[in-house]
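A short worksheet on the structure shown next.
What follows is the structure, given as structure tokens:
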């Protein structure tokens, strides 16, 4: 179906195409993800760190997995890891999904963000507010959620009150 058939004119088609192109410019590919790991993430991690990622397609690319094997020998968790595999699309088992992102968003968006610099500063501050006790509690929660997953043979389970 042509877009104009549903009531759009040529100007709307151009705007839709530009919006699509802008979104494509921000799409994370295996190349951009690998660049982000090499240039920003890995240099900030301490020696001996364990790295975990989800099963998003860019994370599963051969070049990314090869890089992780080199940087984190026997210390990376994720889809395709030869060491510790992690179920794809498992936000209930992934600490960044069930804890970190919600915590950071609550801290960052407590009041309206003024500009990009303010946003970056708030994200940095929120991550720095994560305490060792919060991390300990998160790992206790991971153990609990893994127990549920094992008991149900990996079936979908809603986990509440955590």
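Numbering (the working numbering), first residue to last: 16 to 177.
The beta-carbon is built from N, C-alpha and C at its ideal position, and this holds for glycine as well.
- With distances taken between CA atoms, residue 90 lies nearest to 57 out of 116, 57, 111 and 119.
- Residue 68 counts as buried, since no fewer than 16 other beta carbons sit within 10 angstroms of its beta carbon.
- Residue 67 is bridged by DSSP to 92.
- According to the DSSP secondary-structure assignment, residue 99 is paired through a beta bridge with 92.
- In this structure, residue 55 sits away from residue 73, with a CB-CB distance that is not shorter than 8 Å.
- The three-state secondary structure of residue 42, taken from DSSP, is coil.
- Closest by C-alpha distance to residue 42, out of 139, 71 and 155, is 71.
- The DSSP-derived three-state label of residue 76 is coil.
- Cα atoms of residue 136 and residue 123: separation of roughly 9 Å, rounded to the nearest angstrom.
- Within the same chain, and ignoring the five residues on either side of residue 118 in sequence, no residue has its Cβ closer than 6 Å to its Cβ.
- Just so you know, the alpha carbons of residue 128 and residue 166 end up roughly 43 Å apart.
- For residue 134, the enclosing alpha helix (DSSP H) stretches over residues 131-143.
- Counting only the Cα atoms, residue 158 lies some 22 Å from residue 95.
- Scanning its chain for C-beta atoms nearer than 8 Å, with the 5 sequence neighbours on each side dropped, one finds around residue 98 the residues 89, 90, 91 and 92, in chain order.
- Around the beta carbon of residue 52, 16 or more other beta carbons lie within 10 angstroms, which makes this residue buried.
- Non-local beta-carbon contacts of residue 108 in its own chain, meaning distances under 6 Å to residues more than five positions away in sequence, involve 160 in chain order.
- In the three-state DSSP reduction, residue 147 falls in the helix class (H, G or I).
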